[in-house]
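Undergrad:
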Amino acid sequence: MLIQKNVSLKDKNWFKTGGEARFYAEPTNLDEVVTAVTFAQSERLVTFILGEGANILISDEGFDGLVLRPKNDKIKIDREQGLITAGAGVAVPVLIEMALEHNLLGLEEFSGIPGTVGGSVFINIHYCEFLLSHFLVSATVVNLKTGKVKEVGNDWFGFGYNQSTLQNEQWYLFDATFQLKKATDVEVAYARGRRHEIIRHRNRRYPLERTCGSFFRNFLPEELPFTIAGKKVPFVAYYLEKVGVKGELAIGGAMVYHLHANMLVTKEGATSADVIAVARTMQERVRDQFGIIPEAECQLIGFSQYPLLR
Ligand SMILES: Cc1cc2nc3c(=O)[nH]c(=O)nc-3n(C[C@H](O)[C@H](O)[C@H](O)COP(=O)(O)OP(=O)(O)OC[C@H]3O[C@@H](n4cnc5c(N)ncnc54)[C@H](O)[C@@H]3O)c2cc1C
16 MLIQKNVSLK
26 DKNWFKTGGE
36 ARFYAEPTNL
46 DEVVTAVTFA
56 QSERLVTFIL
66 GEGANILISD
76 EGFDGLVLRP
86 KNDKIKIDRE
96 QGLITAGAGV
106 AVPVLIEMAL
116 EHNLLGLEEF
126 SGIPGTVGGS
136 VFINIHYCEF
146 LLSHFLVSAT
156 VVNLKTGKVK
166 EVGNDWFGFG
176 YNQSTLQNEQ
186 WYLFDATFQL
196 KKATDVEVAY
206 ARGRRHEIIR
216 HRNRRYPLER
226 TCGSFFRNFL
236 PEELPFTIAG
246 KKVPFVAYYL
256 EKVGVKGELA
266 IGGAMVYHLH
276 ANMLVTKEGA
286 TSADVIAVAR
296 TMQERVRDQF
306 GIIPEAECQL
316 IGFSQYPLLR
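In the working numbering, the protein residues as written are 16 to 325.
(1) Please report the straight-line C-alpha distance between TYR221 and LEU279, rounded to a whole angstrom.
(2) How about ASP362 and VAL105: are their beta carbons less than 8 Å apart?
(3) Answer yes or no: the CB of HIS141 versus the heavy atoms of ligand 1, is any distance below 7 Å?
(4) Tell whether a beta-carbon distance below 8 Å holds between ALA101 and ALA206.
(5) Along the chain, where does the beta strand (DSSP E) containing ILE21 start, and where does it finish?
(6) Is it buried or exposed for TYR39, if we count other Cβ within 10 angstroms and need 16 for buried?
(7) Quick one: give me the first and last residue of the alpha helix (DSSP H) that MET113 is part of.
(8) Between THR32 and ligand 1, is there a pair consisting of the residue's CB and a ligand heavy atom that are separated by less than 7 Å?
(9) Report all residues from its chain with a CB closer than 7 Å to the CB of ILE213; omit the five preceding and five following residues, and keep chain order.
(10) Considering only the alpha carbon of each residue, which of ASN21, VAL61 and VAL203 lies closest to PHE318?
(11) With burial defined as no fewer than 16 other Cβ atoms inside 10 Å of the residue's Cβ, what is the status of TYR176: buried or exposed?
(12) Report the option in ALA69, VAL22, GLU123 and THR296 whose CA atom is closest to the CA atom of GLY77.
(13) Between which two residues does the beta strand (DSSP E) holding LYS31 run?
(14) Could you work out which residue in GLU283, LEU119, GLU312 and ARG219 is closest to LEU274 when comparing CA atoms only?
(15) Which first and last residues belong to the beta strand (DSSP E) in which TYR187 is found?
(16) Among the candidates ILE111, ASP26, LEU110 and PRO85, whose CA atom is the shortest distance from the CA of LEU72?
(17) Determine the closest residue to ASN44 out of ASP200, TRP29, PHE189 and VAL201, with distance taken between C-alpha atoms.
(18) Rounded to whole angstroms, what's the CA-CA distance from LEU17 to VAL49? Just pull it up for me.
(19) Which residue's Cα is closest to the Cα of TYR253: ASP79, ILE90, HIS216 and VAL301?
(20) Buried or exposed: where does ASP46 fall if 16 or more other Cβ atoms within 10 Å of its Cβ makes it buried?
(21) Taking 7 Å as the cut-off, does the CB of ALA154 come closer than this to any heavy atom belonging to ligand 1?
So, in structure tokens, the structure goes:
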């Protein structure tokens, strides 16, 4: 049955916290997406699209609507044109591996970043100077209000740092096509080396489970009313380091990771309320010392009121 009722979301997100979805579906093809969207419309339900849950925090009360979890995980490769098309449910590490196997380069810059193609286009994943939007050329999206299917190009997404049109929550990304560089075997060997180096570097600094990665996004230069040693410092981790939360601040089952001031982790028995309590305290400390408020990069799902400072 496509639509299920009262499905736990705790085991479907990286923090391993949160309540149930009132309705839940895992569409594997366009017809099923449209059927689920039509159901949501007829029942007047709000919808939420869940990827791997690597960048979300779900309220302990759960989600009072329909959660759609894309399960179309096909990958199509046009080696001649250097194009790779992936369903929204494809895991990014799988996509990178598949591209390398076909001598296509570019996406390995995102090595070690968890999540699906859908979630990654939503936030426009980034690592160092690389953005996923540098590679995306086209996509298939479905309107969550009408069920209408549309082919769109890169411009449609209005991409920026942590930004895409998908964030207006009107669209379901069904698949995306990326333009990659055709490479020789030697170039691929170098790319694999770089991939291993990135993963090794990340594994030394980042938690490997029960986290959403960076909890707060970096500041934009215009949000900083002051300079430090003559420069604007956009890195939110810089301010969080200064307020001494790293490895120190813990509330209930949630804490700030001991190796990274902008990463929260949970332990068995933690609740989403614990995560919120830690995140809010981090915001308050930065506000009190610097007069600026960090904004969540982590998507907060199912909260009746926005639970953090803005
Ligand atoms: C250890 C760790 C390290 C990380 N490092 C990085 C990093 O270096 N760089 C970086 O950018 N991110 C990083 N992240 C964050 C995370 O990996 C990305 O945001 C990832 O893209 C989330 O994908 P997901 O499938 O888990 O999406 P989810 O967390 O499930 O969802 C995130 C958002 O995407 C939306 N969404 C999901 N699928 C679709 C779809 N098909 N259509 C429309 N909207 C959709 C959801 O509704 C939600 O709002 C890290 C996370 C972790 C846990």
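Every residue gets a Cβ at the ideal spot worked out from N, C-alpha and C, and that includes glycine. Fair warning: this is a prediction, and the values are worked out from it, not measured in the lab.
TA: By the coordinates alone:
(1) C-alpha separation (whole angstroms): 10 Å.
(2) Coverage of the chain is limited to positions 16 through 325, which leaves residue 362 absent and any answer about it impossible.
(3) Answer for HIS141: yes, Cβ within range of ligand 1.
(4) Contact flag unset, no.
(5) Note on residue identity: the sequence assigns Asn, not Ile, to residue 21. Taken as a continuous stretch (DSSP letters only), the beta strand (DSSP E) holding ASN21 covers 18-23.
(6) TYR39 comes out buried.
(7) Counting along the chain, the alpha helix (DSSP H) containing MET113 begins and ends at 107-116.
(8) No, the beta carbon of THR32 sits no closer than 7 Å to any heavy atom of ligand 1.
(9) Here the set comprises SER126 and GLY127.
(10) Of the listed residues, the one whose Cα sits closest to PHE318 is VAL61.
(11) It is exposed - the Cβ of TYR176 has fewer than 16 other Cβ atoms within 10 Å.
(12) Out of ALA69, VAL22, GLU123 and THR296, the CA that lies nearest to the CA of GLY77 is found in VAL22.
(13) Premise fails: LYS31 is in no beta strand (DSSP E) and is neither H nor E.
(14) The shortest Cα separation from LEU274 among GLU283, LEU119, GLU312 and ARG219 belongs to ARG219.
(15) For TYR187, the enclosing beta strand (DSSP E) begins and ends at 186-194.
(16) Considering only alpha carbons, the answer is ASP26.
(17) Here the closest residue by C-alpha is PHE189.
(18) Spanning the alpha carbons of LEU17 and VAL49 requires a straight line of approximately 11 Å.
(19) That would be VAL301, whose Cα lies nearest to the Cα of TYR253.
(20) With fewer than 16 other Cβ atoms within 10 Å, it is exposed.
(21) No, since every heavy atom of ligand 1 falls outside the 7 Å radius drawn around the Cβ of ALA154.
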